[in-house]
Amino acid sequence: MAPCDSSWRWVALSLAIVSAGLAAGDPQKRRPNVVILVADDLGIGDLGCYGNTTIKTPNIDRLSEEGVRLTHHLAAASMCTPSRAALLTGRYPARYGLVGEEGTPPVVVHVASRVGLPLEEITFAKALAAANYTTAAVGKWHLGMRCGLGGLGCRGPQEHGFQSFFGLPFTLAVELEGSHDFWSFSPEVRFNKIIARLCVVGVLTILVWGWLVQCTQETQNILFVMLALALIIPWFVHTHYRFHTEKWWQVSPWMDQHLNGILMRNTKVVEQPLVLEGLSQRLVDYSLDFITEHAHDENPFLLFHSFAHVHTPMFTAKDMAGKSQHGRYGDNVEEMDAGVGAILDALRQHEIDDNTIVYFLSDHGGHLEAIDNGQRTGGHNGLFKGGKGMGGAEGGIRVPGIFKWQGHMPAGKTIDTPTSLLDTLPTLLELADLPPLNTLFPELPERDLDGVSLAGLLTEGTALRPRSLIHHCRQVIHALRLVVEARVYKMHLAKYNWSPGSTQCGWGSNNLCSCFGDGVEDLTLNPEVYDLTNDPYEDKPISSESSEYWHVVGALRQFLAEWKARVPYPPSQFKNKMNTVLSPWLQPFRIPFL
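In C-alpha cells, the structure reads:
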C-alpha cells in the first residue's frame with residue numbers, strides 16, 4: 132500500500148472515531164433513560180386524571196396531560212408478588228410457579244424464605260443492563276431475596292438485573308405499625324408462647340453456664356452444639372405445630388415487625404425495625420440522588436421506583452397529614468403524588484426529560500376491605516366490580532397506566548385499547564431500539580413472552596393485533612379476555628357471588644374476598660360473557676341464547692384448550708411449606724458497626 136493511501140486510511144478512521152464520540156455525547160442520539168413508577172394497591176378511581184375530583188394528584192395528572200393515558204390497562208394478577216413478577220418478566224407467573232394455590236399464601240410472606248422470582252427468568256432490568264444501562268431498584272421488592280446462611284448475600288433485585296437496591300425486601304403490613312409485645316401471639320397459636328419462652332430460657336441458661344465454667348475449646352464446641360439445638364429444636368416444634376393450622380405461614384406481630392419490617396441498601400440492612408414516618412421521602416431522596424448521579428453519564432439509566440404507598444398501614448409525614456378530604460388514605464395518595472412530582476421535576480431540572488421514558492402504574496386494584504380504627508384505608512376502583520385478591524374481578528386488575536416520552540409520544544392522548552403490565556418488557560425493548568431477548572441472551576433457552584410491544588400504539592397509534600388475555604385466581608384460570616377488531620369480550624369461568632349492591636367482603640386490615648372457596652361460583656359449564664366495549668362495568672351478561680355468546684365462548688374455549696396443551700404449569704412454589712415459612716438461619720439483621 133502506498134504511504135498516501137495509509138495516511139488517508141488513518142484520517143478516515145480518526146474521523147469515524149470522532150463522529151462516534153460526538154454521537155455518544157449527544158443525548159438525543161443515545162438510548163432513552165427509563166423511569167418506572169409503581170404504586171402499591173392504588174385504585175384506578177383514586178386519581179384526578181381517571182375521574183377523581185376530591186383527592187389531589189396534580190403531578191400524576193400533569194404526567195397524563197403530557198403523555199398517553201391508558202384506560203383499559205390490566206394487571207396480570209390481583210396480588211402483589213405475582214403481578215410484579217409479570218411486570219418484570221412479561222410472562223404469566225403461573226409459568227414459573229410464583230403463584231399460590233388453595234391452602235397456601237398468595238404472595239411471598241417472609242424475607243427469610245426460599246421462594247421468589249426464579250433466576251432463569253429474564254427481567255426488563257436484566258435486558259437493559261445487558262445493553263449497558265445503569266439500573267437501580269428503589270422501594271418495595273416483594274419477589275423473594277434468596278438470602279444465604281446467616282442472612283448474608285440477600286441479593287434479590289441484584290440477581291435480576293438491578294445493579295443497586297434501596298428499599299423494602301418485603302412489603303408493608305399492618306403489623307409494622309405501632310409497637311408489639313414480644314409475647315403477643317394470636318389466640319389460636321398460644322402454643323408458640325411456650326415454645327418461644329423455652330427457647331429464650333434455654334439459650335440464656337446455656338450462655339450463663341458457659342460463662343461460669345472454664346471455656347476450653349472442647350467446652351466451646353459443646354456450647355455451640357447446645358445453642359444450635361436450643362434454637363433449632365423449638366423452631367421445628369413450632370413449625371410442625373403451625374403446619375396443622377389454617378394459616379401455617381403466619382408469625383407473631385412482633386416477629387413480623389422486626390424480621391420482615393426492614394430497609395436494605397443492596398445486601399445490607401440499614402433499618403430494623405422499619406421506621407414508617409418519612410419512609411416515602413427517604414425512598415424518593417434516594418431516587419433523586421440516583422438521577423443526579425447518572426443524568427449525564429455516557430450510558431442511559433433505568434430507575435425502577437416502587438412506592439410503599441398506598442398499601443396498609445397508612446402513614447404520612449407530619450407536613451402532609453390531615454390535608455386530604457379522604458382521611459389517612461387520601462393523605463397517602465397525595466404524599467405519593469408529591470414523590471412522583473419530585474422525580475419528574477428532577478428529570479426536568481437535569482434537562483433529560485425529553486430523552487426519558489416515564490411509565491406510571493399500579494400493581495393491581497385497590498384493597499376495598501381495608502379499614503383502621505373505623506376509617507376506610509383502601510382504594511377506590513371506580514365502578515369496576517371487585518378489588519385486590521379477587522382473581523379475575525375487573526376492579527382487582529384494571530389499573531392506571533400512563534406513558535410519557537416527550538417528542539416521541541403524543542401529549543394528552545387517551546387510548547382505550549386493552550393493554551397489560553405483561554407488555555412492559557417487549558415495549559421497552561422496542562422503544563430503546565434493542566433486539567429481542569433471544570438475540571440479547573443467545574446462550575439462554577428460547578422463551579415465549581405473554582406480553583406484546585405497545586411501542587407502535589403509543590408513538591403512532593398503530594392498532595394491536597387481536598389477542599387473548601388470561602386472568603388467574605392464583606394458579607387457576609378464572610376468566611379470559613378476547614380483543615378482536617373494535618370489540619372486547621370477557622368470559623368468566625368462576626366468579627364471586629357478591630351480595631346485592633356490594634363487591635367486597637366485610638371489613639378488616641387483612642381481609643380480602645377470596646377467589647376460591649365459599650362464595651365463589653363455578654361457571655365452567657355455563658360461562659358468563661360480557662361485552663366490555665358496551666358494558667364496561669359488567670352489569671348485563673350476554674344472553675346464552677345468542678349467537679354472539681357462542682361465538683365468543685367457542686373462540687375462548689379453543690384458545691384455553693390450546694394454551695393448556697402448550698403451557699403446562701409447574702407446581703406452586705408456595706406448596707412446599709419448608710420453602711415458604713420463616714427460616715431463621717436465612718434472616719438478615721442490621722449490624723450497627725458494619
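Position 470, counted from 1, in the sequence shown is what the working numbering calls 601; the numbers after and before it change by one each time, with no gaps. Just so you know, even glycine gets a beta-carbon here, dropped at the ideal spot from N, CA and C. Note that the coordinates shown come from a computational prediction; the quantities given were computed from them, not determined experimentally.
Separation of residue j from residue i, as counted between CA atoms
{"i": "Y627", "j": "E429", "result": "52 Å"}
{"i": "L643", "j": "M521", "result": "8 Å"}
{"i": "V615", "j": "G685", "result": "14 Å"}
{"i": "L178", "j": "G458", "result": "15 Å"}
{"i": "Y227", "j": "E591", "result": "34 Å"}
{"i": "C636", "j": "P566", "result": "46 Å"}
{"i": "K378", "j": "P288", "result": "28 Å"}
{"i": "A154", "j": "D554", "result": "Residue placement at A154 cannot be trusted, given a pLDDT of 39 that sits under 50; what the coordinates show is reported in the next sentence. Each residue's alpha carbon lies about 30 Å from the other."}
{"i": "G182", "j": "I601", "result": "27 Å"}
{"i": "G543", "j": "E290", "result": "37 Å"}
{"i": "L571", "j": "A258", "result": "7 Å"}
{"i": "G538", "j": "P384", "result": "50 Å"}
{"i": "Q294", "j": "A267", "result": "6 Å"}
{"i": "A262", "j": "M540", "result": "23 Å"}
{"i": "G282", "j": "L394", "result": "14 Å"}
{"i": "D564", "j": "T487", "result": "14 Å"}
{"i": "L588", "j": "K535", "result": "13 Å"}
{"i": "P719", "j": "G275", "result": "13 Å"}
{"i": "W141", "j": "A260", "result": "Because W141 carries a pLDDT of 37, less than 50, the predicted location of this residue cannot be relied on, and the following value inherits that uncertainty. Roughly 34 Å between the two C-alpha positions."}
{"i": "V239", "j": "H436", "result": "20 Å"}
{"i": "T423", "j": "L595", "result": "37 Å"}
{"i": "A617", "j": "I608", "result": "25 Å"}
{"i": "R507", "j": "S455", "result": "13 Å"}
{"i": "D670", "j": "G497", "result": "20 Å"}
{"i": "D192", "j": "T184", "result": "12 Å"}
{"i": "D476", "j": "C180", "result": "19 Å"}
Short Cβ contact (8 Å threshold) for residue i with residue j
{"i": "Q412", "j": "A452", "result": "no"}
{"i": "G198", "j": "I533", "result": "yes"}
{"i": "R721", "j": "E402", "result": "yes"}
{"i": "R598", "j": "V619", "result": "no"}
{"i": "F446", "j": "T265", "result": "no"}
{"i": "V415", "j": "I186", "result": "no"}
{"i": "N569", "j": "E561", "result": "no"}
{"i": "V166", "j": "V660", "result": "no"}
{"i": "R222", "j": "D462", "result": "no"}
{"i": "T235", "j": "F647", "result": "no"}
{"i": "F491", "j": "L194", "result": "yes"}
{"i": "Q606", "j": "V246", "result": "no"}
{"i": "I122", "j": "L687", "result": "Summary: the structure shown does not reach residue 122, with the chain confined to residues 132 through 725, and so no result is reported for it."}
{"i": "M622", "j": "V698", "result": "no"}
{"i": "R286", "j": "T398", "result": "yes"}
{"i": "E652", "j": "A610", "result": "no"}
{"i": "G176", "j": "G513", "result": "yes"}
{"i": "G470", "j": "F421", "result": "no"}
{"i": "W380", "j": "T711", "result": "yes"}
8 Å CB neighbourhood of residue i in its chain, flanking five on each side removed
{"i": "H495", "result": "D172, A206, A208, S209, M210, C211, S214, K519, G527, I528 and V530"}
Neighbourhood of residue i by C-beta distance below 6 Å, restricted to the same chain and skipping five residues each side
{"i": "E482", "result": "none"}
{"i": "S110", "result": "With the chain running from 132 to 725 in the structure shown, residue 110 is simply not present."}
{"i": "G517", "result": "A524, G526, G527 and T634"}
{"i": "P701", "result": "G228"}
{"i": "M709", "result": "none"}
{"i": "L201", "result": "G532, I546 and T550"}
{"i": "F690", "result": "S599"}
Sequence-distant residues of its chain with Cβ nearer than 7 Å to residue i (five each side left out)
{"i": "E679", "result": "I673"}
{"i": "T220", "result": "E252, I253, T254 and L556"}
{"i": "G392", "result": "L307, P404 and L405"}
{"i": "H389", "result": "Q403 and P404"}
Closest by C-alpha distance to residue i, when choosing among the options
{"i": "H273", "options": "P300, F255, A260 and T235", "result": "P300"}
{"i": "E500", "options": "H442, E659 and P249", "result": "H442"}
{"i": "H425", "options": "P576, M467, Q381 and L478", "result": "L478"}
{"i": "F515", "options": "Y668, E232 and P658", "result": "Y668"}
{"i": "I253", "options": "N665, L556, L434 and W629", "result": "L556"}
{"i": "H440", "options": "I422, A217 and L407", "result": "L407"}
{"i": "G270", "options": "G176, P444 and S418", "result": "S418"}
{"i": "I546", "options": "L585, P723 and T220", "result": "L585"}
{"i": "G472", "options": "K695, E233 and P189", "result": "P189"}
{"i": "A216", "options": "E676, L624 and S551", "result": "S551"}
{"i": "N707", "options": "L250, E232, M386 and P699", "result": "E232"}
Test: residue i CB closer than 8 Å to a CB of chain C
{"i": "T398", "result": "No chain C appears in the structure shown, which is made up of a single protein chain."}
Segments of 4+ residues assigned as alpha helix (DSSP H) that fall wholly inside the segment 430–496:
Runs of the alpha helix (DSSP H) spanning 4 or more residues and lying entirely within the segment 430–496 occur at 458–480, in chain order.
Please specify which runs of the alpha helix (DSSP H), each continuous and at least 4 residues long, are wholly inside the segment 200–244, giving them in chain order.
211–220
Contiguous beta strand (DSSP E) assignments of at least 3 residues, all confined to the segment 243–297:
Complete beta strand (DSSP E) runs here, min 3: 265–271.
Start-end ranges of the beta strand (DSSP E) lying completely within the segment 543–591, minimum 3 residues
As far as the segment 543–591 is concerned, its whole beta strand (DSSP E) runs of at least 3 residues are 544–546.
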